[in-house]
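If you read the sequence shown in full-length UniProt numbering, its first letter stands for residue 228, the second for the next number, and so on. Reviewing the structure listed below.
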Amino acid sequence: LRVHAVPMDPPLSDGGRLLLVLSDRTRDRAVERMRADFVANASHELRTPLASLIGFIETLRGPAEDDREARARFLGIMAEQADRMRRLIDDLLGLSRIEITEHQPPTGRVDLGALAAAEVEAMGPVLGARGARVALEAEPGLVAAPADAGQLAQVLRNLLENAARYGREDGTIQLAVGRAEPGGNARWPARPGLVISVTDEGPGIARHHLSRLTERFYRVDRGRGRHAGGTGLGLAIVKHIVNRHRGQLLIESEEGVGSTFRVWLPAETPGGD
Ligand code: ADP
Numbered sequence: 228l229r230v231h232a233v234p235m236d237p238p239l240s241d242g243g244r245l246l247l248v249l250s251d252r253t254r255d256r257a258v259e260r261m262r263a264d265f266v267a268n269a270s271h272e273l274r275t276p277l278a279s280l281i282g283f284i285e286t287l288r289g290p291a292e293d294d295r296e297a298r299a300r301f302l303g304i305m306a307e308q309a310d311r312m313r314r315l316i317d318d319l320l321g322l323s324r325i326e327i328t329e330h331q332p333p334t335g336r337v338d339l340g341a342l343a344a345a346e347v348e349a350m351g352p353v354l355g356a357r358g359a360r361v362a363l364e365a366e367p368g369l370v371a372a373p374a375d376a377g378q379l380a381q382v383l384r385n386l387l388e389n390a391a392r393y394g395r396e397d398g399t400i401q402l403a404v405g406r407a408e409p410g411g412n413a414r415w416p417a418r419p420g421l422v423i424s425v426t427d428e429g430p431g432i433a434r435h436h437l438s439r440l441t442e443r444f445y446r447v448d449r450g451r452g453r454h455a456g457g458t459g460l461g462l463a464i465v466k467h468i469v470n471r472h473r474g475q476l477l478i479e480s481e482e483g484v485g486s487t488f489r490v491w492l493p494a495e496t497p498g499g500d
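Shown next as structure tokens:
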């Protein structure tokens with residue numbers, strides 16, 4: 228609590244008056260704290276691969292200088308660490324760009340079925356490398372508006388990548404695009420909407436983690452997420468993009484069965500406003 232005392236001028240004859248301004252600073256503190264935590268987390272995430280790179284450079288300059296086999300192996304690890312840093316920096320920049328525009332609604336219209344088909348095709352090699360198959364079911368002609376195609380493509384990429392990364396090896400990922408049933412979910416807005424859903428057959432996520440998944444750098448299994456190549460920012464980016472579209476993100480999961488990530492988006496209204 229901040230207390231601000233301002234003497235009133237001119238003072239009254241009975242000895243003067245004070246104006247007291249009381250302001251609750253709890254929220255400001257929480258925001259400051261979150262910012263500080265974010266910078267600390269981001270620095271730590273960048274430092275880990277950097278420390279590994281520095282270590283390998285020293286080894287290659289010293290003890291492993293003439294060892295061709297060790298050299299090749301270490302260079303492979305160094306390339307992976309450098310790539311991890313690059314992905315992290317890309318996601319950090321992406322997140323801050325999205326945050327800046329979050330209060331300006333998008334202005335375009337996006338055919339979701341066509342976008343989903345294009346993304347599945349573009350991600351074929353990445354998903355295939357993880358042994359994942361995508362089954363796409365999309366009603367044709369469903370247009371989200373107002374919407375931003377680049378950002379919605381990123382939502383699809385992040386959700387599909389997670390489904391492949393944390394889903395069952397050689398499993399099938401169900402990607403569906405359809406109309407949102409009015410009243411189909413208590414958290415869905417009342418306006419006409421569309422839903423993109425991504426379902427995997429992975430081990431699922433324990434209930435107590437669900438509400439925290441979209442926090443920056445939150446990981447269910449810290450070691451596994453990093454090892455699997457995640458930056459810890461994917462779902463935070465999804466959440467901000469969905470917010471910008473005035474949409475909703477719902478995460479449902481059953482342990483031992485799999486997880487479903489559902490994104491509600493506004494549908495183009497007839498007459499196109
Ligand atoms: P990351 O880059 O670590 O994947 P995300 O923000 O995309 O970060 O996801 C946060 C965490 O949520 C992940 O580290 C993982 O623990 C969990 N998670 C995300 N998607 C899934 C999924 N489909 N199945 C199980 N766990 C998931």
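Note that CB positions come from ideal geometry on N, CA and C, so glycine has one too.
**Q.** Segment contact flag, the segment 395–403 with the segment 359–367, C-beta cutoff 8 Å, min 3 pairs
**A.** yes
(Q) For G474 and P416, I'd like the C-alpha separation in whole angstroms. (A) Residue 474 sits at position 247 when you count from the first residue of the sequence shown. Residue 416 sits at position 189 when you count from the first residue of the sequence shown. Cα to Cα, the separation comes out at about 8 Å.
Q: For the segment 377–455, list the alpha helix (DSSP H) runs that are entirely contained and at least 4 residues long, ordered along the chain.
A: Within the segment 377–455, the complete alpha helix (DSSP H) segments at least 4 residues long are 434–437, 449–454, listed from N- to C-terminus.
Q: Look at the Cβ atom of D427, then the Cβ atom of G394, and state whether they are nearer than 8 Å.
A: Residue 427 sits at position 200 when you count from the first residue of the sequence shown. Residue 394 sits at position 167 when you count from the first residue of the sequence shown. Cβ atoms of D427 and G394: closer than 8 Å.
Q: Can you grab the Cα-Cα spacing for the pair P352 / Q331, in whole Å?
A: Position 125 of the sequence shown, counted from the start, is the residue given in the question as residue 352. Position 104 of the sequence shown, counted from the start, is the residue given in the question as residue 331. About 34 Å.
Q) Nearest to L369 by CA position, among R229, W491, I304, is which residue? A) For the purposes of this step, residue 369 is taken as residue 142 along the sequence shown, with counting starting at 1. Out of R229, W491, I304, W491 has the C-alpha closest to the C-alpha of L369.
Q) What number of angstroms, rounded off, separates the C-alpha of H435 from the C-alpha of A374? A) As a working mapping, residue 435 is identified with position 208 in the sequence shown. As a working mapping, residue 374 is identified with position 147 in the sequence shown. So the two alpha carbons sit approximately 32 Å from each other.
Q: Just mark R392 as buried or exposed, buried being the case when its beta carbon has 16 or more other beta carbons within 10 Å.
A: On the sequence shown, position 165 is the one that residue 392 refers to. By the neighbour-count criterion, in which a residue is buried when 16 or more other Cβ atoms sit within 10 angstroms of its Cβ, R392 is buried.
Q: Kindly examine ligand 1 and report whether one of its heavy atoms sits closer than 7 Å to the Cβ of N385.
A: Here residue 385 refers to the residue found at position 158 when the sequence shown is read from its first residue. Yes, the beta carbon of N385 sits closer than 7 Å to at least one heavy atom of ligand 1.
Q. Does the Cβ-Cβ distance between A494 and L421 come in under 8 Å?
A. Counted from its first residue, the sequence shown places residue 494 at position 267. Counted from its first residue, the sequence shown places residue 421 at position 194. Yes, they are a contact pair.
**Q.** Distance between V233 and A407 (C-alpha atoms, nearest Å)
**A.** By 1-based counting over the sequence shown, the position of residue 407 is 180. By 1-based counting over the sequence shown, the position of residue 233 is 6. Cα-Cα distance, rounded: 55 Å.
Q: With a 10 Å radius around its C-beta and 16 neighbouring C-beta atoms as the bar for buried, classify E329 as buried or exposed.
A: Translated into the one-based positions of the sequence shown, residue 329 becomes position 102. By the neighbour-count rule (16 or more Cβ atoms within 10 Å), E329 is not buried but exposed.
Q.
Would R252 and R229 be called neighbours here (beta carbons separated by less than 8 Å)?
A. One-based indexing of the sequence shown puts residue 252 at position 25. One-based indexing of the sequence shown puts residue 229 at position 2. Yes, these two residues count as a Cβ contact at 8 Å.
**Q.** Nearest candidate by alpha-carbon position, reference V425, set G485, T458, L440, G459
**A.** Looking up residue 425 in the sequence shown gives position 198. Ranking the options by Cα distance to V425, first place goes to G485.
Q) Taking the C-alpha atoms as reference points, what is the distance between A371 and I325? A) Looking up residue 371 in the sequence shown gives position 144. Looking up residue 325 in the sequence shown gives position 98. Between A371 and I325, the C-alpha separation is close to 19 Å.
Q | ligand 1 heavy atom lying under 7 Å from the CB of N389 | A | Against the sequence shown, residue 389 aligns to sequence position 162. N389: yes, Cβ under 7 Å from ligand 1.
Q.
So the candidates are R295, L322, V258; which of them puts its Cα closest to the Cα of I468?
A. Walking along the sequence shown from the start, residue 468 turns up at place 241. It is L322.
Q. In three-state DSSP terms, what is H231?
A. For the purposes of this step, residue 231 is taken as the residue at position 4 of the sequence shown. H231 falls in the strand class under three-state DSSP.
Q.
Considering only heavy atoms of ligand 1, does any lie closer than 7 Å to the CB of V447?
A. Walking along the sequence shown from the start, residue 447 turns up at place 220. Because some heavy atom of ligand 1 lies under 7 Å away, the Cβ of V447 counts as near it: yes.
Q | Inter-residue Cα distance where the pair is Q381 and E442 | A | Position 154 of the sequence shown, counted from the first residue, corresponds to residue 381. Position 215 of the sequence shown, counted from the first residue, corresponds to residue 442. Roughly 17 Å between the two C-alpha positions.
Q) What are the complete beta strand (DSSP E) segments, minimum 3 residues, inside the segment 341–365? A) 360–365
Q) CB of L460 to nearest heavy atom of ligand 1: below 7 Å? A) Counting from one through the sequence shown, the residue named residue 460 turns up at place 233. With a cutoff of 7 Å, L460 counts as near ligand 1, since its C-beta is closer than that to a heavy atom of the ligand.
Q) Taking just the CA atoms, how far does I281 sit from L273? A) By one-based count along the sequence shown, residue 273 stands at place 46. By one-based count along the sequence shown, residue 281 stands at place 54. Distance between the alpha carbons of L273 and I281: 12 Å.
(Q) With H, G and I counted as helix, E and B as strand and the rest as coil, what does DSSP make of R274? (A) Start at 1 with the first residue of the sequence shown, and residue 274 comes out as number 47. Note: R274 maps to helix in three-state DSSP.
Q) Can the beta-carbon of T496 be found less than 8 Å from the beta-carbon of P419? A) The residue labelled residue 496 in the question sits at position 269 within the sequence shown. The residue labelled residue 419 in the question sits at position 192 within the sequence shown. Yes, the Cβ-Cβ distance between T496 and P419 is below 8 Å.
Q. Where do the ends of the beta strand (DSSP E) carrying R489 lie?
A. Residue 489 sits at position 262 when you count from the first residue of the sequence shown. Looking at the DSSP string, the run of the beta strand (DSSP E) that includes R489 is 485–493.
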